[in-house]
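2 protein chains.
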Amino acid sequence: MPQPPKRATVHDIAAAAGVSRGTVSRVLNGGYVSAEARAAIEAAILEVGYVPNTAARTLKMRRSQAVGFVALEPHSLFLDDPNIGAIMLGANAALSLADHQMVSLVVESARDMERVGRYLSGGFVDGAIVVSARTHDPIIRVISDLRLPAAFVGHPPDLERTIPYVGIDNQGSARAVTARLAATGRRRIGMIAAALDRDSGIDRLAGFRAALGATFDPELVAEVPHYDYGSGVKGMRLLLERDPAIDGVFAASDAIAAGALETLREAGRTVPGDVGLVGFDDSTWAVRTQPQLSTVHQPAKEIGAVAAQLILRQLSGEQPTPAGQLLPTPVIWRDSA
Amino acid sequence: MPQPPKRATVHDIAAAAGVSRGTVSRVLNGGYVSAEARAAIEAAILEVGYVPNTAARTLKMRRSQAVGFVALEPHSLFLDDPNIGAIMLGANAALSLADHQMVSLVVESARDMERVGRYLSGGFVDGAIVVSARTHDPIIRVISDLRLPAAFVGHPPDLERTIPYVGIDNQGSARAVTARLAATGRRRIGMIAAALDRDSGIDRLAGFRAALGATFDPELVAEVPHYDYGSGVKGMRLLLERDPAIDGVFAASDAIAAGALETLREAGRTVPGDVGLVGFDDSTWAVRTQPQLSTVHQPAKEIGAVAAQLILRQLSGEQPTPAGQLLPTPVIWRDSA
DNA sequence: TTGAAAGCGATACCAT
DNA sequence: ATGGTATCGCTTTCAA
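Sequence order for the protein chains is A and F. To get the working numbering, take the position in the first sequence, counting from 1, and add 86. To get the working numbering, take the position in the second sequence, counting from 1, and add 86.
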């Protein structure tokens, strides 16, 4: 095992400049140091080609200036969920402003889960943003055992009431779009409900049900596993089978809506003529379909930014307010309903 | 600034078990230690709730067991480029097997660029996978100055001939599909060429041109900035304007092809009847359009895996072979051409 | 203002 | 087999 090449240290600078390491550290960080000493040291830094060793700094300071970003989606998150990327970008921008490095960690296997747990606990990060955690995810334990500053995106698992979170009002928005579908004269309104193992999926279904009240018919809910196009195709077929007279559909995501739209077209139904269709996410899907989708806007970047603030605030000493905050989700009415 | 809570150390374990730190380290890592000492230490570990401090370990070992993943795409990479995600997943899987943590770093601003440079040089990672680097990207300097083990995805910048890389034969595949378009009787073949500021874009155009030889007509090349849907729409409009009789189109990506397809439909052209259309990437786009796209398959996961191997090999002492390797890209013939 | 020295947490060498 | 000690690179008292 070859060692990496030896690199210049504070010690080397001190030797080259003829001062002590303390003085070098003072010019590096800031503190009282004479003009001549400063000049000599700055020259020495260039001369020896100094590169600070952040790992050593982290050890001493107990601060890495890095924040982990962990998405616990069920597989290949980056491939189809458009929100994750935007949330990452939002979080990164906010952390960047505060001079913190965001490092994102992929969790695909049990092995990953364990390794990431070790990574988070090893001092490589000062905090962690966790997306789509479920109660039994081991990461949760690591975070709460270590009291690692953290923020959840989406409802936190019930067990964990001490970690702040940020999310959207899934239930409220679902209720709003469903009500509008009803208000525009749709009588047989169905839903393609996905991801019922996580809060976003559960809440969207709850909102749909609440909006319909007594007229809610469980037959008109097609349950599918994921928020993707293929699930939309499957879900819509199911719905058409169960009730050919269906005239309104709330799809739990834009990708699902796109799949449903294609299926409706194949079945000879027009949208919004025969069937009113609403999606969720306001992703690129929504404007690429024909007709363009009415949908619920998710402020993904802001969500990321708020999550970052939640971490930053804890790092600067504030108590983690166990409460969460829900960001507004305007409904965008386009052409599909 | 509150310090993180104090955590148990090897020292604490040693005290609790009544042995020296050396012995504790031996049970932690492996070495000669008596059964009774081992038992006492293992009990002590649980008792004090020991969590290893990886930062300290990194400092001592000069190894972090982490590898950086840096994508230098022009903005919001995760949002529309389907390949990046798959490459990441492939790299992560390979690194995971070798018990290395992949940490991916977003670069969106100049500030990000600088901070990521510091991060890479600070000892937080043992190596770095770099996607889509351009010659002037500061990261390149950091890596080569530090001799940080690295691997490029895509052609490395010309200046840098010492870093191994992995990619695909963009030029060869472009030539193959274009030739086929010609072989099936298309006479007026155009291309929507994107990302001409990077090798993938340049090479695909070069392949197209080579295949056509003397019949190449620069008028039939529409240049667009990105590999996205919107660019496909714009590019196709341009092409139709320049030559309404166009009967073959090679799109530099599936997203572009999808945009072109929609535009052709709006212009009243049938595919593949009036116009033969080929994409690139074999992404989900390709199977969602109607008709499904003929396209070039990119083995994104393998690319990630090979990049990871390239790093791992250097970490275990092999000299970085400056050569690169190109992975095969089968052409998938579906319905659009 | 500066230097000397202690210490962050872990590992490895050298005696014993 | 085990304990003591030096060391990784950096920051931070404490004196001078």
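Ideal Cβ positions, reconstructed from N, Cα and C, are used throughout, including at glycine. Note that the structure is a prediction, hence the values are computed from the model and not measured.
Query                                                                                                                      : Result
Short CB-CB distance (under 8 Å) between Met188 (chain A) and chain F                                                      : yes
Any C-beta of chain A under 8 Å from that of Gly117 (chain F)                                                              : no
Between the CA atoms of Met147 (chain A) and Val206 (chain F) - distance to the nearest angstrom                           : Checking the displayed sequence, the identity of residue 206 (chain F) turns out to be Leu instead of Val. Those two C-alpha atoms are separated by around 19 Å.
Residue burial classification, Trp371 (chain F) (beta-carbon count within 10 angstroms, cutoff 16)                         : buried
Short-range partners of chain A found in the segment 403 to 419 of chain F, where Cβ spacing is below 7 Å                  : Gly403
Residue of A:Val153, A:Phe210, A:Tyr251 and A:Gln411 minimising C-alpha distance to Leu145 (chain A)                       : A:Phe210
Beta-carbon proximity check, Val239 (chain F) vs Leu191 (chain F), cutoff 8 Å                                              : no
Reference Ile389 (chain F), options F:Ala180, F:His97 and F:Ala130, closest by Cα                                          : F:Ala180
Option in F:Ala101, F:Ala123, F:Gly316 and F:Ala268 with minimal Cα separation from Tyr136 (chain F)                       : F:Ala101
Alpha carbon of His383 (chain F) to alpha carbon of Val252 (chain A), nearest angstrom                                     : 39 Å
Min CB distance Met87 (chain F) to chain A below 8 Å                                                                       : In this prediction, Met87 (chain F) scores a pLDDT of 46, lower than 50, which makes its location untrustworthy; no coordinate-derived value is stated.
Element boundaries [beta strand (DSSP E), containing Gln187 (chain F)]                                                     : Gln187 to Val192
Rounded straight-line distance, which links the Cα of Pro377 (chain A) to that of Asp185 (chain F)                         : 48 Å
Residues near Ser259 (chain F) in its chain [Cβ-Cβ closer than 6 Å; skip 5 each side]                                      : Val382 and Thr415
Candidates F:Gln411, F:Trp419, F:Val392 and F:Gln187, of which the one nearest Val373 (chain F) by Cα                      : F:Trp419
Entirely enclosed beta strand (DSSP E) segments - the segment 320 to 380 of chain F, minimum 3 residues                    : 334 to 337 and 362 to 364
Close Cβ partners of Met87 (chain F) (< 7 Å) along its chain, the five nearest in sequence each way excluded               : Its pLDDT being 46, under 50, Met87 (chain F) is placed unreliably in this model, and the value from its coordinates should be taken loosely. The answer is none, since no qualifying residue turns up.
Where Glu309 (chain A) falls: helix, strand or coil (DSSP)                                                                 : strand
Classification of His312 (chain F) by the beta-carbon crowding that lies within 10 angstroms, buried from 16 upward        : buried
Nearest-angstrom beta carbon gap, Leu412 (chain A) and Pro235 (chain A) [assumed within contact, 8 Å]                      : Not quite, the Cβ-Cβ distance comes to about 21 Å (not below 8 Å), so this is no contact.
Test item: CB-CB of Asp314 (chain A) and Ala341 (chain A) under 8 Å                                                        : yes
Endpoints, the beta strand (DSSP E) within which Tyr251 (chain F) is located                                               : Tyr251 to Ile254
Ala184 (chain F), DSSP secondary structure in three states                                                                 : coil
Member of F:Ala237, F:Asp289, F:Arg227 and F:Thr270 whose CA lies at the smallest distance from the CA of Gln257 (chain F) : F:Asp289
Contact set between Ala157 (chain A) and chain F, taken where Cβ atoms lie within less than 9 Å                            : Simply none; closest approach about 11 Å.
Beta-carbon proximity of Gly213 (chain A) to Pro138 (chain F), cut-off 8 Å                                                 : no
8 Å contact criterion, which Ala308 (chain F) and Gly276 (chain F) should meet: CB distance rounded                        : 7 Å
C-beta neighbour in chain F for Asp98 (chain A), strict 8 Å                                                                : no
Continuous beta strand (DSSP E) stretch holding Arg238 (chain F): start and end                                            : For clarity, residue 238 (chain F) is Phe in the given sequence; the question names Arg instead. From DSSP, the beta strand (DSSP E) with Phe238 (chain F) extends over Ala236 to Val239.
Minimum Cβ-Cβ distance from Met174 (chain A) to chain F less than 8 Å                                                      : yes
Euclidean distance between Cα positions of Gly345 (chain A) and Ser369 (chain F)                                           : 16 Å
Completely contained alpha helix (DSSP H) runs for the segment 103 to 147 of chain A, where each covers 4 or more residues : 107 to 115, 121 to 134 and 140 to 147
Buried versus exposed call for Ser339 (chain A) [16 or more other C-beta atoms within 10 Å across all chains shown]        : buried
His222 (chain F) - DSSP class collapsed to helix/strand/coil                                                               : coil
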